[in-house]
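Undergrad: Position 26 of the sequence shown, counting from 1, maps to 660 under our numbering, and the rest follow consecutively. Glycine included, every Cβ here is placed at the ideal spot set by N, Cα and C. Keep in mind the model is a prediction, meaning the values are calculated, not measured. Got a structure here, written out as structure tokens. Questions coming.
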Amino acid sequence: MLSERSMYAYEIKKMLKERFGFSTATVTVYVVLHRMRAEGLIRVGKEMSMFGRPDRIYYEATEKGKETLDIGKKFLQNTLSKLN
Numbered sequence: 635m636l637s638e639r640s641m642y643a644y645e646i647k648k649m650l651k652e653r654f655g656f657s658t659a660t661v662t663v664y665v666v667l668h669r670m671r672a673e674g675l676i677r678v679g680k681e682m683s684m685f686g687r688p689d690r691i692y693y694e695a696t697e698k699g700k701e702t703l704d705i706g707k708k709f710l711q712n713t714l715s716k717l718n
């Protein structure tokens with residue numbers, strides 16, 4: 635999802651529900667994002683909010699993250715082709 639566009643944590647949680655039909659705890663989203671950031675798969679940016687709201691923290695895929703995604707997709711495609 636982050637290879638498509640930058641998103642903040644709540645958007646990620648919401649999209650997981652829409653695309654894959656399961657809900658996850660918000661803290662789980664943050665734990666995974668933290669791990670992905672530590673591994674260099676995503677980077678963080680902030681967007682200033684208006685009207686006294688807190689700034690939003692946006693996450694986006696790095697080149698390493700996009701390459702890792704491509705490797706994972708190829709692995710899954712290869713695995714599926716062997717099952718057929």
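Spatial neighbours of T702 within its chain, please: C-beta separation below 8 Å, excluding the five flanking residues on both sides.
TA: L675
Undergrad: If distances are taken between C-alpha atoms only, which option among E694, K647, Y664 and S637 comes closest to S657?
TA: K647
Undergrad: So what does DSSP say about M641, is it helix, strand or coil?
TA: strand
Undergrad: Please state whether the Cβ-Cβ distance between M641 and Y692 is less than 9 Å.
TA: yes
Undergrad: To the nearest angstrom, how far is it from the Cα of D704 to the Cα of K698?
TA: Roughly 10 Å between the two C-alpha positions.
Undergrad: For R669 and N712, what's the separation of their Cα atoms in angstroms?
TA: 26 Å
Undergrad: Work out the CA separation of K708 and L650 for me, nearest whole Å.
TA: 21 Å
Undergrad: Would you decide whether L710 is buried or exposed? Buried here means 16 or more other CB atoms lie within 10 Å of its CB.
TA: exposed
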